[in-house]
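Here is the structure we will look at.
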Amino acid sequence: MDDIRTRLTECFQIVFPDLSDAQIPSASQQTVEGWDSVATITLINVIEEQFGVEMDLDHVAELDTFEKVCAYLQQRCQPA
Amino acid sequence: MKITEALRIVQATVADAPPFKVTVACGFTPLHLRTFLNAHLQLALPHRNVTVTEGLYGDLCGTLERALDGDALAVVIEWPDLDARLDFRNAGKWDRETSSGVVEHANLVLSRIRTALVRMPQERPIALSLPSLPLPPIFPTPGWQWSDTELLLKGTLLHFAAELARDGSVRVISVERLAQDSPWDTRFDLKSDLKAGLPYTVKHAERVAALLAKALVPPAPKKGVISDLDDTLWKGIAGEIGPENVQWDLAGDAQLHGLYQKVLGSLSEHGTLVAVASKNDPAVVAKAFERPDIILRPEQVFPIEAGWNAKSGSVKRILETWNIAADSVIFVDDSPMELAEVAAQHPGIECLLFPKDDPVAALELLKLLRDQCGKDRVSSDDTLRLASIRQGAAFRQQIDDGSAPENFLMQAEAAITFDFGAAAEPRVLELVNKTNQFNLNGRRFTPADWHKESSSDNALVGAVLYEDKFGPLGTIAVVKAHFKAERLLVDTWVMSCRAFSRRIEHQTLRTLFETAGVDEIEFAFEPTAKNGPLQEFFSTFLSETPRAAFRLTRPQFEEHCPSLYHETREMKKAEAHG
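Here you go:
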């Protein structure tokens, strides 16, 4: 689980380079300047590359905080 | 390149580097396309701060009409730009009238795009990508058959692109190369298009961006190809079966060698140097080249190094004759051992195996030679290059044969033209951007930067043309300077290595002093890994090798300047080129 958080933090660093490590866990569309719908798509593509998963565009609008994305990935990456 | 890597490249840009501003004009959301284009251009221009901006969604023509500034322009057309009815996001009907009306509307839009593009400043590179996504199933024929309307639409588009490409002002991305790099079924993301206006898959966006970047900032072409002969230029060992029996045609099951000769001949015609390095009896080689059916004609090849010593020695002599560095050259041989021997002795040379028994690999080799040596425009100097190398060899031969250099130079009937109105000639910038050895500081320019600096009021730009009794060398040097108080400040000076040993550089300096009417010239010199010949030249005046920018006075110059025998002519700005 820690591994997912670490890798997701790296994804956020790539897409939002102005965010400090400390700010990333509490990042949300409400608080991060520049996290708009376009940035969401970039973030999704970076996550797809880093985690080797495909994310459904139908659900990305709900993934509007670091914690929600993290929870989504923890669910997706759980061993079957 | 992945999106993560692209973002890292873009973010690592040095903010205070000189800017390189690019506009991407398209009708869709170019999110990834923009990021990848930025990253690819940043890799091609590591000392610039590349920024890519986009226009308004759905307004390709408006973006073009407003994009009058910047260093480069990437135009990416998709079907909806030509007619909104071709947009999967459009709510309109697909009836009979629609299918017939799209060609007419596309013509109007293409005409508007053409008008906008021809108004762009000439020095700004423009790359154009034609529609690369599938058309919606709007036409009445089944999918395996093209309708006449669809053919007309595609024909209209190709005609439009051909007109723009004709004069070289617009570089059109090859549809075939894109198909090779980005397979048809991995290009289009309908869901992403419908939800976010992003029709390109990430992979397709990356491939289109890579080709656009190459078109906007092309890699420097290789200057020469050195080829082996036996089982490479022709099939068979000439020394064993006789030069009359080596083959390069279909009848002899040797067509791959014939195709290879055709490519070399074509490259030679377009200014790429071609030479031979072969372990062979020179007389046998000469006989083979006398055959009337040979495709690569002997006058297209120089020099021919045939003998029994190591190939690396032959390559060394060829490079000396051409006076170019190994990293500007390709060596082709059918023997991996020979390739390894040459590669070990000449670091940087690109060694390619001639796959004599593998047609697929042979075709790849031919395409690679085109990619590495191809040019989108052939200058008059390209066509003169081989003749001038031969001329240079004859020049050196006479000196080596015992003619005193002084007598020889005196009798060379050399004439130099200083053309102070040629700054906009493509050959001038080409020479500046590819010359390494006699180069004041190694500075390279984008066409926009060159235009800006060379057209300023106090700029003095001279192109130097040379000819003597052996023939013309064409434009072989460029100097760019501007006036600063009582001095002239030279910020760019390059001279082709083909022109060494003729004291052209001395005559250039004298002309600068006289034309500018100054007693002191400042040189924005910077040492580079390759500009030793220029350093050596200046050390004769300064009594030491320069290490940074320096000044040279007229008395210093005259004290050490040898006798000059050239007839000189100056063309002023107004006089030059009408």
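Residue numbers (my numbering), protein chains in the order written: chain A, 1 to 80; chain B, 1001 to 1578. Every residue gets a Cβ at the ideal spot worked out from N, C-alpha and C, and that includes glycine. Nothing here was measured: the structure is a model prediction, and the numbers come from that model.
Starting from the beta carbon of Lys1002 (chain B), find every residue of chain A whose beta carbon is closer than 8 Å, and list them in chain order.
-> Here residue 1002 (chain B) refers to the residue found at position 2 of the second sequence. Those within 8 Å of Lys1002 (chain B) in chain A are Glu49.
Where does Lys1356 (chain B) fall in DSSP's three states?
-> As a first step, residue 1356 (chain B) must be located in the second sequence, where it is residue number 356. Reduced to three states, the DSSP call for Lys1356 (chain B) is coil.
Applying the criterion that 16 or more other CB atoms from any shown protein chain within 10 Å of the CB defines a buried residue, is Ile1241 (chain B) buried or exposed?
-> To locate residue 1241 (chain B), count along the second sequence from 1; it is residue 241. Exposed is the call here.
Can the beta-carbon of His1346 (chain B) be found less than 9 Å from the beta-carbon of Leu1369 (chain B)?
-> One-based indexing of the second sequence puts residue 1346 (chain B) at position 346. One-based indexing of the second sequence puts residue 1369 (chain B) at position 369. Against a cut-off of 9 Å, the Cβ pair of Leu1369 (chain B) and His1346 (chain B) comes out as no contact.
When you compare each of B:Trp1493, B:Asp1081 and B:Leu1473 to Leu1440 (chain B) by their alpha carbons, which one comes out closest?
-> What you label residue 1440 (chain B) is simply residue 440 of the second sequence in a count that begins at 1. Nearest C-alpha to Leu1440 (chain B): B:Trp1493.
Taking C-beta pairs closer than 9 Å, name the residues in chain B that Val53 (chain A) reaches, listed in chain order.
-> Against the first sequence, residue 53 (chain A) aligns to sequence position 53. Result: empty, since nearest Cβ-Cβ is about 14 Å, beyond 9 Å.
Below-9 Å beta-carbon distance, Pro25 (chain A) vs any chain B residue | Counting from one through the first sequence, the residue named residue 25 (chain A) turns up at place 25. With 9 Å as the cut-off, Pro25 (chain A) does not count as an interface residue toward chain B.
Could you give the uninterrupted runs of the alpha helix (DSSP H) lying entirely in the segment 1019 to 1077 of chain B, keeping only those of 4 residues or more?
-> Within the segment 1019 to 1077 of chain B, the runs of alpha helix (DSSP H) that reach at least 4 residues and sit entirely inside it are, in chain order, 1031 to 1044 and 1060 to 1066.
Alpha carbon to alpha carbon, how far is Val1022 (chain B) from Leu1073 (chain B)?
-> Numbered from its first residue, the second sequence carries residue 1022 (chain B) at position 22. Numbered from its first residue, the second sequence carries residue 1073 (chain B) at position 73. Approximately 6 Å between the Cα atoms of the pair.
Alpha carbon to alpha carbon, what distance is there between Arg1498 (chain B) and Ser1388 (chain B)?
-> Residue mapping note: residue 1388 (chain B) aligns to position 388 of the second sequence, counting from 1. Residue mapping note: residue 1498 (chain B) aligns to position 498 of the second sequence, counting from 1. The straight-line gap from Cα to Cα measures roughly 7 Å.
Beta-carbon neighbours of Gln1011 (chain B), restricted to chain A and to distances below 9 Å | Along the second sequence, one-based indexing puts residue 1011 (chain B) at 11. What Gln1011 (chain B) touches in chain A: Ile14 and Pro17.
In chain A, which residues lie less than 7 Å from Ser1192 (chain B) when you measure between Cβ atoms?
-> Taking the first residue of the second sequence as 1, we reach residue 1192 (chain B) at position 192. Near Ser1192 (chain B) (Cβ distances below 7 Å), the residues of chain A are Leu57.
One or two residues paired with Cys1351 (chain B) in a DSSP bridge = Working through the second sequence from its first residue, we reach residue 1351 (chain B) at position 351. Residue pairing for Cys1351 (chain B): DSSP places it in a beta bridge opposite B:Phe1331.
Buried or exposed for Gln1411 (chain B), please, with buried defined as at least 16 other CB atoms from any protein chain shown within 10 angstroms of its CB.
-> Taking the first residue of the second sequence as position 1, residue 1411 (chain B) is located at position 411. So Gln1411 (chain B) ends up on the exposed side.
Verify whether the separation of the beta carbon atoms of Thr1545 (chain B) and Glu1536 (chain B) is less than 9 Å.
-> Start at 1 with the first residue of the second sequence, and residue 1545 (chain B) comes out as number 545. Start at 1 with the first residue of the second sequence, and residue 1536 (chain B) comes out as number 536. The answer is yes: Cβ separation under 9 Å.
Neighbour list for Ile44 (chain A) in chain B, Cβ cutoff strictly below 7 Å = The residue given as residue 44 (chain A) occupies position 44 in the first sequence. Ordered by position in chain B, no residue passes the 7 Å Cβ test against Ile44 (chain A), which lies about 10 Å from the chain.
Could you tell me whether any Cβ in chain B is nearer than 9 Å to the Cβ of Ser20 (chain A)?
-> Here the question's residue 20 (chain A) lines up with position 20 in the first sequence. So no, Ser20 (chain A) is outside the interface.
What's the gap between the Cα of Thr1149 (chain B) and the Cα of Leu1212 (chain B)?
-> As a working note, residue 1149 (chain B) is residue 149 in the second sequence. As a working note, residue 1212 (chain B) is residue 212 in the second sequence. Roughly 29 Å separates the two Cα atoms.
Where the alpha helix (DSSP H) through Ser1454 (chain B) begins and ends | Position 454 of the second sequence, counted from the start, is the residue given in the question as residue 1454 (chain B). Ser1454 (chain B): member of the alpha helix (DSSP H) spanning Pro1447 to Ser1454, first to last residue.
Pull up the distance between the alpha-carbon of Lys1154 (chain B) and that of Asp1081 (chain B), whole angstroms please.
-> Counting from 1 along the second sequence, the entry for residue 1154 (chain B) is found at position 154. Counting from 1 along the second sequence, the entry for residue 1081 (chain B) is found at position 81. Near 14 Å, if we compare the C-alpha coordinates of Asp1081 (chain B) and Lys1154 (chain B).
Could you tell me which chain B residues have their CB closer than 7 Å to the CB of Val32 (chain A), listed as they occur along the chain?
-> For the purposes of this step, residue 32 (chain A) is taken as the residue at position 32 of the first sequence. Ordered by position in chain B, no residue passes the 7 Å Cβ test against Val32 (chain A), which lies about 16 Å from the chain.
Select from B:Asp1457, B:Lys1316 and B:Ala1422 the residue whose C-alpha is nearest the C-alpha of Gly1474 (chain B).
-> For the purposes of this step, residue 1474 (chain B) is taken as residue 474 along the second sequence, with counting starting at 1. Nearest option by C-alpha distance: B:Ala1422.
Ordered along the chain, which non-local residues of its own chain (more than five positions away) have a Cβ less than 8 Å from that of Val1263 (chain B)?
-> Along the second sequence, read from residue 1 onward, the residue named residue 1263 (chain B) stands at position 263. Residues Leu1366, Leu1369 and Arg1370 of the same chain have their beta carbon placed closer than 8 Å to that of Val1263 (chain B), with the five preceding and five following residues left out of the count.
What are the start and end residues of each continuous beta strand (DSSP E) run of 3 or more residues lying completely inside the segment 1250 to 1316 of chain B, in chain order?
-> 1273 to 1279 and 1304 to 1307
Pick helix, strand or coil for Asn1439 (chain B), following the three-state DSSP scheme.
-> Reading the second sequence from its first residue, position 439 is the one you call residue 1439 (chain B). Reduced to three states, the DSSP call for Asn1439 (chain B) is strand.
Closer than 9 Å to chain B by CB, Ser28 (chain A) | The residue you call residue 28 (chain A) lines up with position 28 of the first sequence. For Ser28 (chain A), the answer is no, since every Cβ of chain B falls outside 9 Å of its Cβ.
Measuring CA to CA, which of B:Ala1485, B:Ile1521, B:Asp1519 and B:Glu1467 is closest to Arg1502 (chain B)?
-> Along the second sequence, one-based indexing puts residue 1502 (chain B) at 502. Closest by alpha carbon: B:Glu1467.
Give me the Cα-Cα distance between His1566 (chain B) and Gly1374 (chain B), rounded to the nearest whole angstrom.
-> Position 566 of the second sequence, counting from 1, holds the residue named residue 1566 (chain B). Position 374 of the second sequence, counting from 1, holds the residue named residue 1374 (chain B). Distance between the alpha carbons of His1566 (chain B) and Gly1374 (chain B) is about 35 Å.
Around the Cβ of His1040 (chain B), are there at least 16 other Cβ atoms within 10 angstroms (buried) or fewer (exposed)?
-> For the purposes of this step, residue 1040 (chain B) is taken as residue 40 along the second sequence, with counting starting at 1. By the neighbour-count rule (16 or more Cβ atoms within 10 Å), His1040 (chain B) is buried.
What is the rounded straight-line gap between the Cα of Arg1569 (chain B) and the Cα of Ala1220 (chain B)?
-> Within the second sequence, residue 1569 (chain B) is the residue found at index 569, counting from 1. Within the second sequence, residue 1220 (chain B) is the residue found at index 220, counting from 1. Between Arg1569 (chain B) and Ala1220 (chain B), the C-alpha separation is close to 32 Å.
Going along the segment 1025 to 1037 of chain B in order, which residues come within less than 8 Å of chain A, judged by CB to CB distance?
-> Thr1029, Leu1031, His1032 and Thr1035
3-residue-minimum beta strand (DSSP E) runs that sit fully inside the segment 1456 to 1504 of chain B, ordered along the chain | 1459 to 1468, 1471 to 1484 and 1487 to 1495
Through-space distance from Asp1491 (chain B) to Ala970 (chain B), alpha-carbon basis | The question about residue 970 (chain B) has no answer here: the residues shown for chain B are numbered 1001 through 1578.
Any C-beta of chain B under 9 Å from that of Val38 (chain A) | In the first sequence, residue 38 (chain A) corresponds to position 38, counting from 1. With 9 Å as the cut-off, Val38 (chain A) counts as an interface residue toward chain B.
Helix, strand or coil at Thr1186 (chain B) according to DSSP, with G and I counted as helix = By 1-based counting over the second sequence, the position of residue 1186 (chain B) is 186. In the structure shown, Thr1186 (chain B) sits in a helix (DSSP, three-state: H, G or I).
Could you check where the alpha helix (DSSP H) with Ala1106 (chain B) kicks off and where it finishes?
-> Here residue 1106 (chain B) refers to the residue found at position 106 when the second sequence is read from its first residue. Per DSSP, Ala1106 (chain B) belongs to the alpha helix (DSSP H) from Arg1096 to Val1118.
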